[in-house]
Amino acid sequence: MLQIYGCPNTRSNRVVWALEEAGAVYDYHKIDLFAGGGRKPDYLALNPGGKVPTLVDGDLTLTESAAICTYIGDSFPASGLTSPVGSPERAQYSQWCCFVMSELEQPLWTIAKHRFALPEKRRVPAIIETAQWEWGLAAKVLATGLGEREFLVGGQFTAVDILAAQTLAWARAFKMSLGHTPLDAYADRLLARPALARALAREQNG
Ligand SMILES: N[C@@H](CCC(=O)N[C@@H](CS)C(=O)NCC(=O)O)C(=O)O
């Protein structure tokens, strides 16, 4: 059975959400990051960065939320969470995965790191304003790419919508404006999906 290592209110939410969309059966292991759970030797052997999420499927151990969501989509093709390998839709899916991970979430992560996540002596508060400005630029690119469409790729819900929506929820939690009406509606639509509610409950309850 698939084994998932995660922690509530973190990027592991993306992976558990994808599993719930796929109707997968899995074991969930809560790693209490705030109590040093990510630094225990057993966990570091799975995920050398001490981060969540991690997926273990037999001999395969996988880190990185976008890679794990894609693996889940490919493992459960009936879910439609990933487009067929080699198709133009799959190329666009990869493009938006890379964009979310490298452009959209990075300003938010910079803000989080310099507000609370880094050790105090490593924080540079002056960077936050620049990260807020970068967030605005990235959100605009996403809004332009989405246009009036319901989903980012191929006219159907895919795992990249999970990555994007979870990042938009993160932005809202930081009181950042999404800045563009289509993005607000997109986030509202996706964040109302029943599979997300199930994922949140699963991460709380283990
Ligand atoms: N790029 C990684 C980032 C994972 C990550 O930074 N996870 C955070 C929680 S959202 C974490 O585990 N932080 C603990 C730490 O940095 O020690 C992914 O998307 O999976």
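The numbers in my numbering rise by one with no breaks, and the one at position 31 of the sequence shown is 20. C-beta atoms are modelled at their ideal positions from N, C-alpha and C, and glycine is treated no differently.
Cβ-based neighbour list, residue 158, same chain, cut-off 8 Å, excluding 5 preceding and 5 following: 176 and 180
Cα-Cα separation, residue 21 to residue 31: 13 Å
Any non-hydrogen atom of ligand 1 within 7 Å of residue 0 CB: yes
Residue 145, DSSP secondary structure in three states: coil
Reduced DSSP category for residue 16 - H, G, I as helix; E, B as strand; rest coil: strand
Whole-angstrom distance between residue 29 and residue 196, CA atom to CA atom: This structure cannot speak to residue 196, because the chain is shown only from -10 to 195.
Cβ-Cβ distance between residue 49 and residue 57 below 8 Å: no
Bridge partners - residue -1, DSSP secondary structure assignment: Answer is none; residue -1 lacks a bridge partner.
DSSP three-state assignment for residue 44, whether helix, strand or coil: strand
Uninterrupted alpha helix (DSSP H) stretches inside the region 67 to 108 (no shorter than 4 residues): 77 to 88 and 94 to 101
Three-state secondary structure assigned by DSSP to residue 185: helix
Local conformation of residue -9 per DSSP, three classes: strand
Simplified DSSP state of residue 126, which is helix, strand or coil: helix
Same chain, Cβ closer than 7 Å to residue 73, five either side skipped, listed in chain order: 79
Assigned secondary structure, residue 167 (DSSP; H/G/I helix, E/B strand, else coil): coil
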